[in-house]
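Line order of the protein sequences matches chains Z and P.
Just add 32 to wherever you are in the first sequence, counting from 1, and you've got the working numbering.
Just add 32 to wherever you are in the second sequence, counting from 1, and you've got the working numbering.
For every residue, glycine included, the Cβ atom is placed at its ideal position computed from N, Cα and C.
Reviewing the structure listed below.
There are 2 protein chains.
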Amino acid sequence: MLLMDVGSTKRDVVDAARRVLREKVAGFVPAHPVAGKERAGVEHAEAQLFDGRPVILTPCNQTAVDRVEQARALWTALGAEVRVMTAEAHDAAFAAVSHLPHLLSFAFFAGILHQPQARDFLALAGPGFRDFTRIAAGDPAMWRDILMANREEVLRQSGQFRAALSGLEQLLKSGDAAALAAVIHEVSLARSRWSMDAARGGSAGGR
Amino acid sequence: MLLMDVGSTKRDVVDAARRVLREKVAGFVPAHPVAGKERAGVEHAEAQLFDGRPVILTPCNQTAVDRVEQARALWTALGAEVRVMTAEAHDAAFAAVSHLPHLLSFAFFAGILHQPQARDFLALAGPGFRDFTRIAAGDPAMWRDILMANREEVLRQSGQFRAALSGLEQLLKSGDAAALAAVIHEVSLARSRWSMDAARGGSAGGR
C-alpha cells in the first residue's frame, strides 16, 4: 500500500510515521504539493490545481524505492513536477523562503497594531504594504502548526535575518549611505534575477 | 510663486527649504504624491497616473494658506485625493507602512543571499516569497535616500518590529502554540479588515 501525506513540513511527519507505522513505514512517501488556495473545502476543488506545480517527495531510509516511483507517477499524472530531497533539506529550504517570511509578516503587522497610531498608519498604507503583508492573512491554525513543527529551522533563519537587519540598521546609524546603497543594489539585482528565473519556470512556487 | 517638491520624505525637505528659500518658504508647499511606477523616464509618462491616488501636503508654519489651497486645487485637478498633515506625522506614518517594510525586505533577501544554500533555497521560493520580496527590487539610489532621510523614524519602527518578532520567537521557543495562534489570528483578522477598507477606497496606497 502507498501512503502519503501532503503537509508543509516534513521532519515531524517522518518522525510520526516511523513511530506509528513501524515496519509499514516502507510504504509511506512523505509529500509536499506546493499548491493550494486561500479557500478550503471540496466546493473549491479545482482539477488543474497541480498543473505545473512542484511536489516535493522526502523519502527516508526505510521507504521502499518502488513506492517512491509510484508516488512520482501519481503526481506526474496530475500534472505536477516532482522533486526528491531529504526531509531535512526540505524543512531548511521552506523555513528560509516560506516560513520565515510568514513569521516576519506576522511580526511586522503586530508591531503596527500595537502602536497607538495604528489606525492613522494603516490609512496611509499602499501597494507595497499590501504585497508585503498578503501572507499575514494566512490561516492561524495552519501557520501555528507549520511554525511550531519547523521551529528549529525557523529560529535559525530568523537569526540569519536578524544579523542582516542589524547590519542595515548599523549603516543607517553611522550614516554610511554608500554601503547601504551597495546592499540594496545587490539585493535588488538578485531579486530581479530570481524573478526572471521564476518566469522561465526555473523556480518552484512554494507557499 | 507656488513651489512644490514630490519627495517621499518630508521633514528633510522642509528643513532644506527653510534653509535655502528663507522668507520665500511661504510659497513652498511640500507634497508627496503617493503614485509612481517601477520605470522612470518621460517615455513611461501616463496621463492617469494620479487618478484617485493620495497626495499628502505637509505645509509648515511659514507656508502661506493660499499657496496650500493652490496646491490642493492643482492636485485635485489631476484627479488626486489631497490630504494635509504635518511633515512629522507624514514621516512617522510612512516609516511604519512603507520604509520599514522595504528595510525588512532588503534584510530578508540579504539574509538568504549570504547563506551557502542560497541557490537551493531560491529555487524553491514561490508566490508568498514573490509578494514579500517584490519591494526588495526597488531602486537602490532612491531607497538609500529615503531610508537615510527618515532614518530616525525608520529605526524607531524597526525597534517596534524587533519587539514583536522577539515576542513571537519566544512563543516558538517555549512551545506556546495557543498564544502563537492568538497573535496570528489577531493579525490575520486585521489584515483582512485593512484589505476590505482599502478596496472601499478607505486606504491610501503608499509606496
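Every unbroken beta strand (DSSP E) within the region 104-144 of chain P, with a cutoff of 3 residues, ordered by chain: 113-116
Extent of the continuous alpha helix (DSSP H) run through alanine 209/Z: The residue labelled residue 209/Z in the question sits at position 177 within the first sequence. Residues 209-231.
Beta-bridge pairing of proline 86/P - partner residues as DSSP gives them: Residue numbering aside, residue 86/P sits at position 54 when the second sequence is read from its first letter. Answer is Glu113/P, bridged to proline 86/P.
Proline 159/P (DSSP reduced to helix, strand or coil): Along the second sequence, one-based indexing puts residue 159/P at 127. In the structure shown, proline 159/P sits in a helix (DSSP, three-state: H, G or I).
Positions along the region 154-167 of chain P whose CB lies within less than 9 Å of some CB in chain Z: Leu154, Ala155, Leu156, Ala157, Gly158, Pro159, Gly160, Phe161, Arg162, Asp163, Phe164, Thr165, Arg166, Ile167
CB contact below 8 Å: aspartate 83/P versus chain Z: For the purposes of this step, residue 83/P is taken as the residue at position 51 of the second sequence. Output row for aspartate 83/P: interface = no.
Where glycine 238/P falls: helix, strand or coil (DSSP): As a working mapping, residue 238/P is identified with position 206 in the second sequence. Since pLDDT at glycine 238/P reaches only 43, below the 50 mark, its modelled position is unreliable, and no value is offered.
Chain P within 8 Å of arginine 104/Z, Cβ atoms only: The residue given as residue 104/Z occupies position 72 in the first sequence. No, arginine 104/Z does not count as interfacial toward chain P.
Integer Cβ distance of isoleucine 216/P from tryptophan 175/Z, believed to fall under 8 Å: Reading the second sequence from its first residue, position 184 is the one you call residue 216/P. Reading the first sequence from its first residue, position 143 is the one you call residue 175/Z. Their Cβ separation, rounded to whole angstroms, is 5 Å, which keeps isoleucine 216/P and tryptophan 175/Z in contact under 8 Å.
Simplified DSSP state of valine 38/Z, which is helix, strand or coil: Taking the first residue of the first sequence as 1, we reach residue 38/Z at position 6. Reduced to three states, the DSSP call for valine 38/Z is coil.
Assumed close pair alanine 139/Z, leucine 197/P - CB separation to whole angstroms, cut-off 8 Å: Taking the first sequence and counting its residues from 1, the one referred to as residue 139/Z is at position 107. Taking the second sequence and counting its residues from 1, the one referred to as residue 197/P is at position 165. Right, their Cβ atoms sit about 4 Å apart.
Span of the beta strand (DSSP E), counted from its first residue to its last, around alanine 63/Z: Walking along the first sequence from the start, residue 63/Z turns up at place 31. Looking at the DSSP string, the run of the beta strand (DSSP E) that includes alanine 63/Z is 60-65.
9 Å Cβ cut-off: residues of chain P touching histidine 146/Z: Here residue 146/Z refers to the residue found at position 114 of the first sequence. Those within 9 Å of histidine 146/Z in chain P are Gln192, Ala195, Ala196.
Neighbour flag for histidine 217/P against chain Z, beta carbons, 8 Å: In the second sequence, residue 217/P corresponds to position 185, counting from 1. Closer than 8 Å: yes.
Residue-level contact to chain Z via CB, leucine 110/P, 8 Å cutoff: Stepping through the second sequence from its first residue, residue 110/P is reached at position 78. So, not an interface residue.
At least three beta-carbon pairs within less than 8 Å, the region 87-106 of chain Z to the region 142-155 of chain Z: no
Exposed unless 16 or more other CB atoms sit within 10 angstroms - verdict on serine 190/P: What you label residue 190/P is simply residue 158 of the second sequence in a count that begins at 1. It counts as buried.
Coil, strand or helix - threonine 165/P by DSSP: Translated into positions along the second sequence, residue 165/P becomes position 133. Correct three-state label for threonine 165/P: helix.
Interface flag, glycine 68/P vs chain Z, CB-CB below 8 Å: Stepping through the second sequence from its first residue, residue 68/P is reached at position 36. No, glycine 68/P does not count as interfacial toward chain Z.
Residue range of the unbroken alpha helix (DSSP H) whose run includes arginine 194/Z: Sequence index remark: in the first sequence, residue 194/Z carries index 162 (1-based). Run containing arginine 194/Z: 183-206, per the alpha helix (DSSP H) assignment.
Proximity test, Cβ basis, 8 Å: aspartate 152/Z and chain P: Residue numbering aside, residue 152/Z sits at position 120 when the first sequence is read from its first letter. At least one chain P Cβ lies under 8 Å of aspartate 152/Z.
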